[in-house]
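Read left to right, the sequence shown gives residues 96 to 448 (the working numbering). So the structure is just underneath, and the comments pick up after that.
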Amino acid sequence: MITRTSPSCQTENTVIRVAEVKSWQQLLSDSTLTLAELLQQLNISTADFATSIDGDPDISPQDFPIRAPAPFINRMVKGDINDPLLRQVLPLVKEHELTPGYTADPLHESNFNNTPGLIHKYRSRALLIVTKACAIHCRYCFRRHFPYEDNQPSRAMWAEALDYLQQHPEINEVIYSGGDPLASSNAQLSWLNQHIAAIPHIKTLRIHSRLPVVLPQRIDPGLLEILQQWPGKKVVVIHSNHANELDASVKNAIDKLKAIGVTVLNQTVLLKGINDSATALVELSERLFEIGVLPYYLHLLDTVSGAAHFAISDNDAKAIMGEVTARLPGYLVPRLVREEADKTSKTPILPTL
């Protein structure tokens, strides 16, 4: 839908100056948390926000709150209410509409969350909820209603999860998730890594994170040392939805990960009004390849309450992917999939060729 501008051109559109001396923790702490602040930084009036895109100016702390860090806001186009990065974090009135088939737990994760902090849905993989914290609140997040209060990260909780992993030798890969696992401290991640690495049948560590994209400063020397010490295979799956998200700072973070032997992949959510065109997806794949990342999955939207306005029909998704397939080499074409509740694998959606 919205195509790419040069990701490295940030002079005209930069709205916040990010001091190089700031730590990732400080940048995270300084994140924009209110609608008024976000709109002011981008020179967008509340009236324009409310009328042009049916924005929700009355978002309250009880709603899914706004959160966006400065490095990500810096890549938004100043004054553009339809900027594809901005639209991912702006609350709309439509979030309050009840849509049939859209629920708080669209993937039925509660069915696989019998051990606190651990989700075991797929036979050989287990997912750890490392933290409930995120660097950014994406309005389409499928865990926006997740019961984090029942999965409060702690060493006591992780001890239960570690016992579960010990008792299930069919699990050979552990996936760190959240929230965003890289919002955790290096000390927490180091403790987890050491204990999981001691389980002999765990061969692969996979981390799903949006931080290398929205807050690339997170890839610091301490984290790199922790990952380098992991004895098995290590994979980081970044989450990027638009080529404009991927600037030089993101490439620098990816280069650091790859230098220590991390396989870096990307997954994308197909989002109406943000990347629902072949051109936007082709540009994303090409930009990912430029920075050393291979496209992995293109997800159809999970049917979480409050996100129905982002949905693309299956037929439209198939048509878009048919054009993407015709325009890109096979290794740059992500797999179009839907994750369905209670299924033992993701469901492939074949493009219309």
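Just so you know, even glycine gets a beta-carbon here, dropped at the ideal spot from N, CA and C.
For residue i, which of helix, strand or coil comes out of DSSP?
i	result
asparagine 208	coil
leucine 393	strand
isoleucine 161	coil
arginine 305	coil
alanine 221	strand
arginine 170	coil
glutamine 362	strand
glutamate 385	helix
arginine 234	coil
histidine 334	strand
tyrosine 243	Unreliable positioning characterises tyrosine 243 in this predicted model, as indicated by a pLDDT of 46, which lies under 50. The coordinate reading is nonetheless provided below. Three-state result, tyrosine 243: helix.
glycine 36	There is simply no residue 36 to check, as the chain begins at 96 and stops at 448 in what is shown.
proline 276	helix
lysine 117	coil
proline 316	helix
leucine 448	coil
glutamate 434	coil
isoleucine 407	coil
leucine 133	helix
glycine 417	helix
With distance defined between alpha-carbon atoms, name the residue in the options nearest to residue i.
i	options	result
glutamate 385	Gly401, Val359, Asp371 and Ser408	Val359
glutamate 132	Ala163, Leu193 and Gly327	Ala163
tryptophan 76	Ala142, Thr299, Asn410 and Gln324	This structure leaves residue 76 out entirely; the chain is present only between 96 and 448.
serine 279	Ser380, His203, Ser304 and Gly368	Ser304
phenylalanine 207	Leu448, Asp437, Pro446 and Arg422	Asp437
aspartate 411	Leu383, Thr439, Leu365 and Pro248	Leu365
histidine 334	Ala165, Thr439 and Ile231	Ile231
glutamine 120	Gln312, Arg382 and His337	Gln312
arginine 382	Val357, Asp342 and Ala406	Asp342
How about residue i: is its Cβ closer than 8 Å to a heavy atom in the ligand SAH?
i	result
alanine 165	Only the bare structure without any ligand can be found here, which leaves the ligand SAH out of the picture.
Can you say whether residue i is buried or exposed, counting buried as having 16 or more other CB atoms within 10 angstroms of its CB?
i	result
lysine 329	buried
leucine 322	buried
proline 443	exposed
glutamate 378	buried
aspartate 409	exposed
aspartate 178	buried
proline 276	buried
proline 446	buried
asparagine 370	buried
threonine 141	exposed
alanine 354	exposed
aspartate 125	exposed
alanine 165	buried
aspartate 153	exposed
alanine 338	buried
serine 344	buried
Can you give me the Cβ contacts of residue i inside the same chain, cut-off strictly under 7 Å, excluding the 5 residues immediately before and after it?
i	result
leucine 187	Ile148, Asp149, Gly150, Asp151 and His404
glutamine 349	The sequence given here has isoleucine at residue 349, not glutamine. Closer than 7 Å at Cβ, skipping near neighbours: Pro307, Val359, Ile386, Gly387 and Val388.
threonine 194	Ala403
cysteine 233	Gln183 and Val184
glycine 317	Asn281
valine 419	Ala373, Leu376, Val377 and Val428
lysine 346	Ile386
glutamine 78	Residue 78 is absent from the structure shown; the chain starts at 96 and stops at 448.
isoleucine 139	Gly174 and Ile176
serine 219	Glu265, Ile266, Asn267 and Glu268
alanine 459	Any question about residue 459 goes unanswered here, given that the chain covers just 96 to 448.
Skipping 5 residues on each side, what residues in its chain have a beta carbon closer than 8 Å to that of residue i?
i	result
arginine 263	For clarity, residue 263 is histidine in the given sequence; the question names arginine instead. Result list for histidine 263: His215 and Ala221, in chain order.
arginine 433	His394, Leu395, Lys441, Thr442 and Ile444
tyrosine 243	Note on tyrosine 243: pLDDT 46, under 50, position unreliable in the model; the coordinate value appears next. Ile224, Lys227 and Gly274, listed in sequence order.
glutamate 340	Pro102, Phe167, Arg170, Leu180, Val308 and Val309
leucine 128	Pro160, Ile161 and Arg162
leucine 448	Gly417, Thr420 and Ala421
Which residues in the same chain have their Cβ closer than 6 Å to the Cβ of residue i, if we skip the five residues on either side of it in sequence?
i	result
glycine 274	Thr226, Lys227, Ala228 and Cys229
threonine 398	Gly196, Tyr197 and Pro201
glutamate 435	Thr442
threonine 299	Glu268, Gly327 and Lys328
tyrosine 271	Leu223, Val225 and Ile302
glycine 401	Glu190
So residue i packs on residue j, CB below 8 Å; how close in whole Å?
i	j	result
valine 332	tyrosine 391	6 Å
proline 429	threonine 363	6 Å
glutamine 135	isoleucine 168	Actually they do not touch by this definition, with Cβ atoms about 11 Å apart.
leucine 352	isoleucine 314	6 Å
Between residue i and chain C, is the shortest Cβ-Cβ distance under 9 Å, so that the two count as touching?
i	result
leucine 193	Of the protein chains in this structure there is only one, and it is not chain C.
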